[in-house]
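Take a look at the structure below.
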Amino acid sequence: ARRSELIAWLGGALYLSGYDWVKPKTPSSLAMGLRKRLKGARIVEVEQLKLERVASLRYEGEYSGWIHVELFGRGNLVLTDEEGVIVQLARPLKVRARELKRGVRYEHPPSDSVDPSGVDVDALMREMAAHRDSELWRFLTFRIGIGPPYAEEVAFAAGADLRSKLGEQEGLWERIARASADLMARLSGPADPTLYKEGDVYVDFSAFPLRVLAERYEAERVGGRLNAALDAYLTSRIVEEVARERGTAAPSEGLRKQMELKAKYEEEAARLRALADEIFTRLVEVESVLVEARKGRLAEGVRLDRGRGVVILRLSAGEAELDLRLSAAENASRLYAKAKKLEQKAARIEEILKDLESRLSRREPEYEVQVKRRKRRAWYERFRWFLSSGGMLVVAGLDASTNRELVRRYMEPSDLFFHVDMPGGAVVIVKTGGADVDEATLWEAACYAASYSRAWKEGLSQADVFYVRGEQVSTHAPPGTFLPKGSFYIVGKRGYLRGELRLEIGLMERKGEYKLISRPPGAGGNLVLGYEIAPGDLPKERATTVLIESLRDAARKRGVPAEIEVEDLQRLLPSGGVRIVAPIS
305 ARRSELIAWL
315 GGALYLSGYD
325 WVKPKTPSSL
335 AMGLRKRLKG
345 ARIVEVEQLK
355 LERVASLRYE
365 GEYSGWIHVE
375 LFGRGNLVLT
385 DEEGVIVQLA
395 RPLKVRAREL
405 KRGVRYEHPP
415 SDSVDPSGVD
425 VDALMREMAA
435 HRDSELWRFL
445 TFRIGIGPPY
455 AEEVAFAAGA
465 DLRSKLGEQE
475 GLWERIARAS
485 ADLMARLSGP
495 ADPTLYKEGD
505 VYVDFSAFPL
515 RVLAERYEAE
525 RVGGRLNAAL
535 DAYLTSRIVE
545 EVARERGTAA
555 PSEGLRKQME
565 LKAKYEEEAA
575 RLRALADEIF
585 TRLVEVESVL
595 VEARKGRLAE
605 GVRLDRGRGV
615 VILRLSAGEA
625 ELDLRLSAAE
635 NASRLYAKAK
645 KLEQKAARIE
655 EILKDLESRL
665 SRREPEYEVQ
675 VKRRKRRAWY
685 ERFRWFLSSG
695 GMLVVAGLDA
705 STNRELVRRY
715 MEPSDLFFHV
725 DMPGGAVVIV
735 KTGGADVDEA
745 TLWEAACYAA
755 SYSRAWKEGL
765 SQADVFYVRG
775 EQVSTHAPPG
785 TFLPKGSFYI
795 VGKRGYLRGE
805 LRLEIGLMER
815 KGEYKLISRP
825 PGAGGNLVLG
835 YEIAPGDLPK
845 ERATTVLIES
855 LRDAARKRGV
865 PAEIEVEDLQ
875 RLLPSGGVRI
885 VAPIS
């Protein structure tokens, strides 16, 4: 029989490879531990829990047990004995939900997803009713276990919007449920493996043909050749990844501090959740303690800090500071909210850590200097811009100075001028070329003007926007009147639209080049990757850090040769907080 090697690419894939993999002369301690335990053993069983990205392989030999390969996040490999106790692992882990280290029992990552084997249309309809405030992509991915690109296929078949909430698409629930159930049935049926190519390069694959991928790439049904094709595709990806990681430096001081801070946040969040859980289980008792404390009567183990208005209560999970003005249930909710904020901070640090680790892993070659010819940019690339779904160029100013420049130098009488109906916002120009403007372009320009305005900073979801023809706009006021600095004088009738505050930021491919742009959802142009954003609580500086790392990582994985600079991204983000809604694939 032809020899194959089982490749566990942590965070990537688990597959059989026919390539000859060169082993290091000095194996790692993990490799030595695995060899000692697995020498002469056979893999006798392979399991996958629901549709989770965890493969469990049972081995039997001199020793017996399980190998758990986790493919989500950075990934992990955990070797257990017959009783499920961890004896070797790639990455120790300690979070609120579980702990991975030698000597403890292995626990699968917590999952809120339903069992796909029991999914039918009625059950899915009930699940959607219970999660009506969730976006469709989030519901399919985390509750049903259908991730990309299969989630896109469900939305395509149902005529639904992945980024809209379920409650906004209630009329499509049955179609979404049927499309999901059909996809589950196909996944459990005979495979029709398909690879997708862009040029001569494989870029994706699926268990059966997907229309959403076939529309973007060249589909190739591979039948019994799936593993050989995947072997070539995945092995090349691993080789590229290892090449980037060679020469990785030891963690910097900044990286170490971020790791310590992340662990601190996670530990405190776990403590607060444990306290809140205990308060809810002892709700009547804790409420009684609060009532008595307000009267100045303290039970044993209870302290009162009148200056701060708190009661310090000793619980089995630790000491809890409770606000005297709140009920027991309200105090528990407050603790949950604090825990959630800490978990969000830890998650943001995780994104920062990925960026730091990525930068540490890229060693610059010695004595090599590259000189690039600066490419000539189009005039509109000095501003914010996008192509409308009607094919028209839409340009927006960056500040008061560029607003004025845009109007004075580049606006024609037949162009359309857009501005939010309040002070403080970007001028948006639709370059019509004298042609009629379709309604989709009007709406997209209104969304652009609403998003780059004071309304974003105020956290609004929509804002009124007016528009006029270029010939109705002047940078000078009539004699005897005063025009404030940065303002424009408008004559004649105005049109009004309600603009939605929502943007997509990503890389657009145009004439063989990749440009980082922002645009309203659904606008024209080929956006190969990116993220949808809306007004939110994430500060602009932190949003920049998260998005720059995510965009660069996505570009590397997709093989997109684009340089994404922090300054360019900052220029595209509106003033104010950000909520990252969903990735664009």
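Each residue of the sequence shown is one higher than the one before, starting from 305 at the first, in the numbering used here. Using N, Cα and C, we set each Cβ at its ideal position, and we do this for glycine too. Since we're looking at a predicted model, the values are computed, not measured.
By a beta-carbon distance limit of 8 Å, Ala-632 does not contact Ala-578. Their separation comes to about 16 Å. Distance between Ala-753 and Tyr-771, taken at the CA atoms: about 10 Å. In this structure, Leu-628 keeps its C-beta atom at 7 Å or more from the C-beta atom of Arg-601. In this model, Glu-403 and Arg-362 are separated by some 21 Å (Cα to Cα).
For Leu-334, the enclosing alpha helix (DSSP H) has its first and last residue at 333-342. Closest option to Arg-341, judged by alpha-carbon separation, among Glu-349, Leu-383, Leu-314: Leu-383. Residue range 758-761 is occupied by the alpha helix (DSSP H) that includes Trp-760. Burial state of His-412 is exposed, judged by a 10 Å Cβ sphere holding fewer than 16 other Cβ atoms.
Contact annotation: Leu-820 and Asp-742 have beta-carbon atoms that are not nearer than 7 Å.
Here the segment 747-767 makes contact with the segment 688-698; the two share three or more CB pairs at distances below 8 Å. Ala-312 and Leu-831 have their C-alpha atoms some 32 Å from each other. Just so you know, the alpha carbons of Met-563 and Glu-845 end up roughly 20 Å apart. As a beta-bridge residue in DSSP terms, Glu-403 pairs with Lys-398. Residue burial annotation: Gly-880 is buried, with at least 16 other C-beta atoms found within 10 angstroms of its C-beta. Of Pro-494, Val-505, Lys-501, the smallest CA-CA separation from Ala-511 is found for Pro-494. Under DSSP, Arg-688 forms a beta bridge with Ala-700. Taking Ile-794 as reference, the option from Gly-863, Thr-779, Gly-613 with the minimal CA-CA separation is Thr-779. Exclusion of the five residues before and after Lys-469 leaves Arg-436, Asp-437, Ser-438, Glu-439, Leu-440 as the residues of its chain whose Cβ lies within less than 8 Å of its Cβ.
In the three-state scheme derived from DSSP, where H, G and I count as helix and E and B as strand, Met-432 is classed as helix.
At least 7 Å separates the beta-carbon of Gly-377 from that of Tyr-410. Around Tyr-537, the same chain offers Tyr-506 as residues with beta carbons nearer than 6 Å, after the five sequence neighbours per side are excluded. A distance below 6 Å between beta-carbons, with the five flanking residues on each side excluded, links Val-699 to the following residues of its chain, in chain order: Tyr-684, Phe-687, Trp-689, Ile-733. The C-beta distance from Leu-393 to Leu-375 rounds to 15 Å, too long to fall under 8 Å, and the pair is not in contact. Assigned with DSSP and collapsed to three states, Leu-587 falls in helix. Per DSSP, Ser-755 is not a residue of any beta strand (DSSP E); the alpha helix (DSSP H) it occupies stretches across 743-755. When C-alpha distances from Gly-344 are compared across Gln-352, Ser-321, Leu-355, Ser-368, the shortest belongs to Ser-368. CA-CA distance, Gly-799 to His-723, rounds to 11 Å. Per DSSP, the continuous alpha helix (DSSP H) segment holding Gln-874 begins and ends at 870-876. Around the beta carbon of Met-336, fewer than 16 other beta carbons lie within 10 angstroms, which makes this residue exposed. DSSP places Lys-642 within a helical segment (H, G or I) once states are collapsed to three. Glu-356 is a Cβ neighbour of Ser-415, given a cutoff of 7 Å. Assignment of alpha helix (DSSP H) within the segment 351-381, counting only whole runs of 4 or more residues, yields no such run.
Counting other Cβ atoms within 10 Å of its Cβ, Gln-352 stays below 16 and is therefore classed as exposed. Between Ile-868 and Leu-855, the C-beta spacing is below 7 Å. If you check the CB distance, Leu-811 and Tyr-818 come in under 7 Å. Per DSSP, Met-812 is one residue of the beta strand (DSSP E) stretching across 807-814.
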